[in-house]
Amino acid sequence: MDETARDLIVSLAAFVAIFGIIYVYLMTRHRERMAMLDRGVEASPFNSIKHSNFLTLKYGMLSVGVAIGMIMGSVLSDYGMAKSTSFLSMIFLFGGISLILNHIITRKIS
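Take the sequence shown: its position 34, counted from the start at 1, is 34 in the UniProt record's numbering, and no numbers get skipped.
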């Protein structure tokens, strides 16, 4: 098997796997909601618009934290620290700090 065919098969397998996972997730969620409606349970927790605003804030703060981590990793690698260590440590450090700050902000708003 040549390299092009192998790459094509791997790409198709990855696409099918991702599609399958999303499909199973959506179908399971739909069945769960239909079962709740059949039992007469209120479905209002699923219609929370406030949650999506917090999710956007979380992703925004995480992106800013990762960007700051990349900048700080570049600065540390210029000062002699190993490039892979400086980038990974700073990305995780500032990404984690941004998620902690997001939790504090979300808790104050709620």
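Built from N, CA and C at the ideal position, the CB exists for glycine as well. The structure displayed is predicted, hence computed values, not measured ones.
Residue i - DSSP class collapsed to helix/strand/coil
| i | result |
| --- | --- |
| serine 110 | coil |
| alanine 35 | helix |
| alanine 14 | helix |
| aspartate 2 | coil |
| tyrosine 25 | helix |
| alanine 82 | coil |
| glycine 69 | helix |
| glycine 60 | helix |
| valine 75 | helix |
| glycine 40 | coil |
Cβ shell of residue i (< 6 Å), same chain only, five flanking positions each side left out
| i | result |
| --- | --- |
| threonine 106 | Phe54 |
| serine 77 | Lys83 and Ser86 |
Own chain partners of residue i with C-beta closer than 7 Å, once the 5 adjacent residues on each side are dropped
| i | result |
| --- | --- |
| asparagine 102 | Leu57, Lys58 and Met61 |
| serine 98 | Met61, Leu62, Val64 and Gly65 |
| glycine 95 | Leu62, Gly65, Val66 and Gly69 |
Cut-off 8 Å between Cβ atoms - residues of its own chain near residue i, not counting five sequence neighbours on either side
| i | result |
| --- | --- |
| glutamate 32 | none |
Evaluate the contact criterion for the region 68 to 77 versus the region 87 to 100: three or more CB pairs, one atom per stretch, below 8 Å.
A contact between stretches requires three or more CB pairs, one per stretch, nearer than 8 Å, and the region 68 to 77 meets this requirement with the region 87 to 100.
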